[in-house]
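Structure first, commentary second.
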Amino acid sequence: MRFSVFGAAAAALCLASPAIAADCARGEADAAGRVAACERILAAPGVDDDTAAQARVILAETYMRADKLDAALAQAEAAVKLAPKQPVALVTRGHILELMKRTDAALADYDAAIGIDPKNTMARVSRGLVRFDRKDYEGARRDYDAALAVMTDDPSIYLARARALYALQEDEGALDDLRKAERLEKPDLNQVYFKAQVLEALERYPEALGAYNAALKAKPNDAELLVRRGDVLKAMELTDEALASYRAAQRADPDLAVAYYDQAFIHMDANAYDKATAVLQALLKRQPTDRGARQGLARVAALQQRYDEAIAILDGVVRSFPDEASPYYDRGLLWEARGDAARAVADFDKAVALDGSFWDARFARGRAHIEGKSYDKAIKDFDVVVERHPELAGVWWWRARAKSLAGDATGAESDRAKATEISPEVVKALDAEVAA
Numbered sequence: 000m001r002f003s004v005f006g007a008a009a010a011a012l013c014l015a016s017p018a019i020a021a022d023c024a025r026g027e028a029d030a031a032g033r034v035a036a037c038e039r040i041l042a043a044p045g046v047d048d049d050t051a052a053q054a055r056v057i058l059a060e061t062y063m064r065a066d067k068l069d070a071a072l073a074q075a076e077a078a079v080k081l082a083p084k085q086p087v088a089l090v091t092r093g094h095i096l097e098l099m100k101r102t103d104a105a106l107a108d109y110d111a112a113i114g115i116d117p118k119n120t121m122a123r124v125s126r127g128l129v130r131f132d133r134k135d136y137e138g139a140r141r142d143y144d145a146a147l148a149v150m151t152d153d154p155s156i157y158l159a160r161a162r163a164l165y166a167l168q169e170d171e172g173a174l175d176d177l178r179k180a181e182r183l184e185k186p187d188l189n190q191v192y193f194k195a196q197v198l199e200a201l202e203r204y205p206e207a208l209g210a211y212n213a214a215l216k217a218k219p220n221d222a223e224l225l226v227r228r229g230d231v232l233k234a235m236e237l238t239d240e241a242l243a244s245y246r247a248a249q250r251a252d253p254d255l256a257v258a259y260y261d262q263a264f265i266h267m268d269a270n271a272y273d274k275a276t277a278v279l280q281a282l283l284k285r286q287p288t289d290r291g292a293r294q295g296l297a298r299v300a301a302l303q304q305r306y307d308e309a310i311a312i313l314d315g316v317v318r319s320f321p322d323e324a325s326p327y328y329d330r331g332l333l334w335e336a337r338g339d340a341a342r343a344v345a346d347f348d349k350a351v352a353l354d355g356s357f358w359d360a361r362f363a364r365g366r367a368h369i370e371g372k373s374y375d376k377a378i379k380d381f382d383v384v385v386e387r388h389p390e391l392a393g394v395w396w397w398r399a400r401a402k403s404l405a406g407d408a409t410g411a412e413s414d415r416a417k418a419t420e421i422s423p424e425v426v427k428a429l430d431a432e433v434a435a
């Protein structure tokens, strides 16, 4: 999504030069007309710098739309030189630089435009989009907030902010923005799909299912949509319907690996290990090196307590994918199940080193440290996970256990109280597990 600067620049140009307003208006109809009109403006005697800059902005965007980026950039550079304090010239140059993959330079132009006019909507949205692409979701959200404070009737800005909020896991806010966008303009298919994802994240499964079904009416053989619908059906415990949706996705795209994985997971949950194995092997026939299928087969073996077989499979996966965190994590869980805390910690160390935000691996490493009697290390791991996921009762319970074993009775009591406050059921289950 990018704002068009042509309309705003052309309007300003016509007002600035009423004597040639007819040429300006006539030039809007097509690219050649725009170029000719702008050239007449630039050739007019006594044209002032601001008017000339606006004409060059129109030329720059005209060439940009025609994919003549070098010519577009030359015009934008000239516009900035003529009117260095004109935000529209800086924003136009920024758009061209983005298309040329010169994102740092584009961002500098957007920063400069905002420095001149903090309320410039085009600059705010353009910078927000770059920040979003760079995973600076909070920065993107701030820019969209500023843009919407000025322009409250543009659905595309609400949609952009919704995506930033969703990335920040502020799902209610994302849904609110999506609804505002819908009130301003009928949503397209991508927006319907996105809304379904937000509703799914909010665990509003019937509404999410309705949104996915609406999207599937337009694209009935879209494999990814079929998978997402299957996920919602599974969450609603409609297992047969979920399997049917995953199978439909597999038929629509026989190489979509996730359609096989999700079928296999349902079969594993039902202890139908032969069916899970068959689905994963079907995928491996098409994609012999698929990592997920191989890890899935290891999981099937582990669920049947065939740990040596599962570890052997994961040894092969680690050799094939040494820079992927999840195979180390899976193998670490198997070492933990076998009571080998040292090997478990080594694999969890590797997983965390490869992916510092792999919270499950850090949590598992904390448990393994307890088994290895390294209580201080366990507490440090749980500290990190608690900070990121304070809503998880199990993490508080495990940190309480580590503190108790380390001799910190007061800290243990406080953490246990927090775990109980969040979920007494989880505390009861973990107490029973340790007692057994």
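So the sequence shown is numbered by numbering that gives the first Met the number 0: it starts at 0 and just counts up by one.
The beta-carbon is built from N, C-alpha and C at its ideal position, and this holds for glycine as well.
Note that the coordinates shown come from a computational prediction; the quantities given were computed from them, not determined experimentally.
Point to revise | Length-filtered (4 minimum) alpha helix (DSSP H) runs lying within the segment 246-310 | key: List check, alpha helix (DSSP H) in window: 256-268, 272-285 and 290-302.
Check your understanding: Are the segment 149-166 and the segment 187-196 touching by the rule of at least three beta carbon pairs closer than 8 angstroms?
Key -> Yes: the two stretches touch, three or more of their Cβ pairs being nearer than 8 angstroms.
Practice item. Return helix, strand or coil for glutamate 76, following the three-state DSSP convention. Key: The answer is helix: DSSP assigns glutamate 76 an H, G or I state.
Point to revise | Spatial neighbours of aspartate 152 in its chain, beta-carbon cut-off 8 angstroms, leaving aside the 5 residues before and after | key: Taking C-beta separations shorter than 8 angstroms and ignoring five residues to either side along the sequence, the partners of aspartate 152 in its chain run Leu183, following chain order.
Review point. Does the beta-carbon distance from glycine 371 to alanine 401 come in below 9 angstroms?
Key: No.
Review point. What is the C-beta distance between valine 79 and leucine 58, in whole angstroms, given that I count them as a contact (C-beta under 8 angstroms)?
Key: The beta-carbon separation of valine 79 and leucine 58, rounded to 13 angstroms, does not stay under the 8 angstroms limit for a contact.
**Study point:** Option in Asp29, Arg92 and Gly229 with minimal Cα separation from leucine 215
**Key:** Taking only the C-alpha atoms, the option nearest leucine 215 is Gly229.
Exercise for review: Look at the alpha carbon of isoleucine 421 and the alpha carbon of aspartate 239, and state the distance between them as a whole number of angstroms.
Suggested key: Isoleucine 421 and aspartate 239: Cα-Cα distance of roughly 33 angstroms.
Review point. Using a Cβ-Cβ cut-off of 7 angstroms (strictly less than) and excluding sequence neighbours within five positions of tryptophan 397, which residues of its own chain qualify?
Key: Excluding residues within five positions, the ones whose Cβ falls inside 7 angstroms are Gly365, Arg366 and Phe381.
Review point. Three-state secondary structure (DSSP) at serine 319?
Key: Assignment of serine 319 by DSSP, reduced to helix, strand and coil, places it in the helix class.
Exercise for review: Identify, in the order they occur along the chain, each residue of the same chain with its Cβ nearer than 8 angstroms to the Cβ of methionine 99, setting aside the five sequence neighbours on each side.
Suggested key: In chain order, Leu68 and Leu72 place their CB closer than 8 angstroms to the CB of methionine 99, counting only its own chain and leaving out the 5 sequence neighbours on each side.
Point to revise | Segment contact, 8 angstroms Cβ cut-off, at least three pairs: the segment 306-322 with the segment 277-287 | key: Too few Cβ pairs lie closer than 8 angstroms, so no.
Point to revise | Through-space distance from tyrosine 211 to asparagine 119, alpha-carbon basis | key: Each residue's alpha carbon lies about 36 angstroms from the other.
Check your understanding: Any idea if alanine 20 is buried or exposed, counting beta-carbon neighbours within 10 angstroms, 16 or more meaning buried?
Key -> Because alanine 20 carries a pLDDT of 40, less than 50, the predicted location of this residue cannot be relied on, and the following value inherits that uncertainty. Burial call: exposed.
Exercise for review: Inspect the beta-carbon positions of methionine 63 and isoleucine 40 and report whether they are closer than 9 angstroms.
Suggested key: Cβ atoms of methionine 63 and isoleucine 40: not closer than 9 angstroms.
**Study point:** Assigned exposure category for isoleucine 378 - 16 Cβ within 10 Å defines buried
**Key:** It is buried - the Cβ of isoleucine 378 has at least 16 other Cβ atoms within 10 Å.
Check your understanding: Distance, Cα to Cα, leucine 128 vs serine 403?
Key -> Each residue's Cα considered, the two are about 48 angstroms apart.
Review point. Under the rule that 16 or more other beta-carbon atoms within 10 Å means buried, what is arginine 318, buried or exposed?
Key: Arginine 318 is exposed by the Cβ-count criterion.
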